[in-house]
Structures are given as structure tokens and as C-alpha cells.
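Worksheet for the structure shown next.
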Amino acid sequence: MESHHVISSLLDIIAKMDKELGYIGPPENFSQENESSEIEILGYCEEHSTLTNFSYLDSSSRMITIKGVRVYMGSLFMSDPNFTLAIPQVIPTQFLALKASSSVLENISRDNIISSYVKVTSPAGIPYDQNYKDDNISDELRISLENYAISKSSSITIVDGPVIPGPNLTFLSEEYKSAFEKLINDRVNYFPTLIGVVKRLDMSYKLSKVKEFNQIIKKFSKIRPPDTKAIEIISQKGEDPFITPILKENWGSLVRYMVYVKVRNSVFRVESTNLDILCKGVNTTIDRSGVRGIPDFIEIADRISKRLSASIFILSFILGSKIGVSYDDWGKFWEASEEIREHDI
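Counted from 1, the sequence shown has number 231 at position 231 by the UniProt record's numbering; the numbering is strictly sequential.
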């Protein structure tokens, strides 16, 4: 059988089983995002106006290995009613992070100029040495940049991602848990003017925690589905856009309010700790939905932040290749170069 026939037959089987069984992905192990055990319905949005002025932002990160030292680079783009912020910038901002031996980290930390641009410890003060997880360094770098930008915003800010940042703290060891707790605490004062748009819902299982929704979901799926599939099930009437009621989630001492939105084939969650601005945020995301259904301003921030990080990577690769980069980074270099070319078209 030729390869295209094999793939076509496989997809036919997947589509057939999806209709028969509901969700057919691997059963949930644990969710990667912060989740509570109780979510309740408050009712539908009654506010029909949109936000007149707001900031929006997104961040991106990449990594290159030079002489065994892992250099993480972060970028960010924010459009504010009064200004535009792009990181990296001339003003000292820690947009780089280093994972290296203790002697290298100590040497960098003693350089007053370079250390104002380069992180060598976690937000909790733990060195980024050989024992620290790579993914956490990238996440911590991006969230730190987002917190910096949020602190500069002059209005309500819509961030591409959750309002309460980071993974599920329950599954983290103390060193990583303390880092994300610090990042969350740094953001707390800005929660009243913050809205999040969460696009990646494949590892989110909040909707099946809503009793009223779960009664419907169980009729169509034997396995607890992620939110992307759950929305598919509960929106079978074909409404476009489809909007859930406001959901209330208790998260420690914080409360998060959420609305799920399905526009065409795209599903995202709009969330805030401030109920007074949530529905205006929901209306704004629908009003500004692009061809794919995702809000156009979110796609703009995503595209520019990725282009910025691609540019930093290319620069780092060109300079780093003179002293030695890893084999894998050659592939990353061509990918980053292609991203830049695509955006130039």
C-alpha cells in the first residue's frame, strides 16, 4: 500500500472511532496547568460592550548551546495605547538566562553590566546549574518578561496565556514551586486589570469538572476529555460563536473567572480574576476574531514575539558559531531563518 493510502486509511479509522467513542486520545495522567477541584457556573455574560482601550502582549523563548553552556533567550511584544514595547531593548532587561557550571554563573553574576541582561538564578534565587530543568528556565524567563511588561502597561492588559502563570504547582518539587509562586506574587497587584486568552487547551480538563457539563460529556465520551474535545461535545447545536457561561474557579486564596469561546474551528478560554472586566474581554476577543477564529491582536503579538526571538537566535548563532555551537542548533538556525523569511513575504 502506498504511503498516502496508509495515511488516508489511518485517518478514516481515527475519524470513525472519534464519532463512536467521543474522546479517543490517551487518558488523562495529570494536567500541566494550575487547576482547582471545584468549578461552578455563575451565569452568562450580560455585558455586551467591548474594551475601547487595552494593551496586549505575548512572549517567546529559544535556546542555543555554546561550548556546553545553554543560553536561553526571551522576547516579548506589547502594544499599549500609549506606546509599543519590544524586548530585547536598549534599557537593561534580563532577556537572557544561562545554564552552566557554578563557576560560570558566579562569574556572570559579578559582572554588573552583563548581569543586568542575563539571569543566572531562578526567581527563588536557585542557581541555573546542571541540576535545574531546562523547560522551567524557559518558562520562568518568559513569565518574568511578561510581568515586567504588565507592570509598564497603562490600561487593561490582555496576555496570550493564563492570568495565573505556570504549571500545576501540586506536581512540582519545592525549588520549582517556590520559583513560580514568586512569579505569581509579582503579578498579583496587576490582576485587577489583567485578562488572559488561553489557546492551548489540550492539557486542560476544567470543563469536565463542571457538574452540569460533565453530565453531558459522559453521554458521549467514556474517557475524561480535554477541554478542546469537551467544547466540541457541549456545543453540538452548531452555534457560532459558541460561548459558555461564566465559570468560577477557586485557586488557593485567588478566584479565577473564565468563559470558553469557540469561533469556527478555534477554541480558547478568556479568564480574569476581575469579574467586572471579564465579559468585555470576551466580547472583544469575539469582535476581533481573525480568519482562524483567534483574536487578531493575539496573532499579531504571537507573530512579532516569535520573530523577535528568531532574530535573537540567529544573531546568537552567527556569533556563537565562531567558538562552537551544538549540532542541533544548525537545524534551529535554518528554522529561525525560515520564520524570518516567511514574515517578510
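Glycine included, every Cβ here is placed at the ideal spot set by N, Cα and C.
Check, Outcome
"Does DSSP put N250 in a helix, a strand or coil?", "strand"
"Would you mind working out which of K237, I231, R187 and S208 sits nearest I223, comparing C-alpha positions?", "S208"
"Given D80, which residues of its chain have a CB within under 6 Å of its CB, disregarding the five upstream and five downstream residues?", "S55, S153 and S154"
"Can you give the beta carbon distance from T273 to V118, rounded, assuming they're within the 8 Å contact cut?", "In fact, because the Cβ distance is near 32 Å, the residues do not count as touching under 8 Å."
"Report all residues from its chain with a CB closer than 7 Å to the CB of S266; omit the five preceding and five following residues, and keep chain order.", "R292, G293 and I294"
"Once the 5 residues before and after L145 are set aside, which same chain residues still bring their CB inside 6 Å of it?", "S59, G74, L76 and I87"
"Any contact of the segment 216-232 with the segment 166-181, i.e. 3+ C-beta pairs under 8 Å?", "no"
"Please say whether E47 and K280 have beta carbons closer to each other than 8 Å?", "yes"
"Since L278 sits in a beta bridge, which residues does DSSP pair it with?", "According to DSSP, L278 bridges with nothing at all."
"Looking only at its chain, what residues have a beta carbon closer than 7 Å to the beta carbon of S115, apart from the 5 residues adjacent to it on each side?", "I108 and S109"
"For the segment 156-189, which segments carrying the alpha helix (DSSP H) assignment without a break, of at least 4 residues, lie completely within its bounds, in sequence order?", "174-188"
"Once you ignore the five residues that flank R288 on each side, which residues in its own chain have a CB closer than 7 Å to its CB?", "P295, D296 and F297"
"Kindly indicate which three-state DSSP category Y327 falls into: helix, strand or coil?", "helix"
"Tell me T84's beta-bridge partners as DSSP assigns them.", "S79"
"Residue range of the alpha helix (DSSP H) that D58 falls in?", "Per DSSP, D58 belongs to no alpha helix (DSSP H); it is in the beta strand (DSSP E), S55 to I66."
"Spatial neighbours of I246 within its chain, please: C-beta separation below 8 Å, excluding the five flanking residues on both sides.", "I41, L42, G43, Y44, C45, Y257, M258, V259, L275, L278 and C279"
"Within the same chain, show all residues whose beta-carbon is closer than 7 Å to that of S9, passing over the 5 residues directly before and after it, in chain order.", "none"
"Just to confirm before moving on: does the CB-CB distance between I156 and L51 stay below 8 Å?", "yes"
"Closest to G331 by CA distance: which of K322, I323, I231 and I314 is it?", "I314"
"So is A336 buried or exposed if we call it buried at 16+ other beta carbons inside 10 Å?", "buried"
"If I measure Cβ to Cβ from E339 and keep anything under 7 Å in the same chain, skipping five residues before and after, which residues do I get?", "K306, R307 and A310"
"Given this structure, state the Cα-to-Cα distance separating I345 from E299, to the nearest angstrom.", "Only weak support is given to the placement of I345: the predicted model assigns it a pLDDT of 45, under 50, and the question is left unresolved by the model."
"What does K262 pair with, by DSSP beta-bridge criteria?", "F242 and V267"
"In this structure, does DSSP put Y148 in helix, strand or coil?", "helix"
"Under the rule that 16 or more other beta-carbon atoms within 10 Å means buried, what is Y128, buried or exposed?", "buried"
"What runs of the alpha helix (DSSP H), each 4 residues or longer, lie entirely inside the segment 187-242?", "211-220 and 227-234"
"Counting Cβ pairs, one atom from each stretch, are 3 or more of them under 8 Å apart for the segment 129-136 and the segment 88-101?", "yes"
"Judging by CA-CA distance, which residue of G290, I304, R264 and L172 is the nearest neighbour of D240?", "R264"
"Going by the DSSP bridge assignment, what does A97 pair with across the sheet?", "Y72 and K119"
"Residue 407 to T84, Cα distance in whole Å?", "For residue 407 there is no data in the structure shown, the boundaries of the chain being 1 and 345."
"Looking at G125 and I143, is the spacing between their C-beta atoms short of 8 Å?", "no"
"Under a Cβ-count criterion, where at least 16 other Cβ atoms within 10 Å of its own Cβ denotes burial, should K206 be classed as buried or exposed?", "buried"
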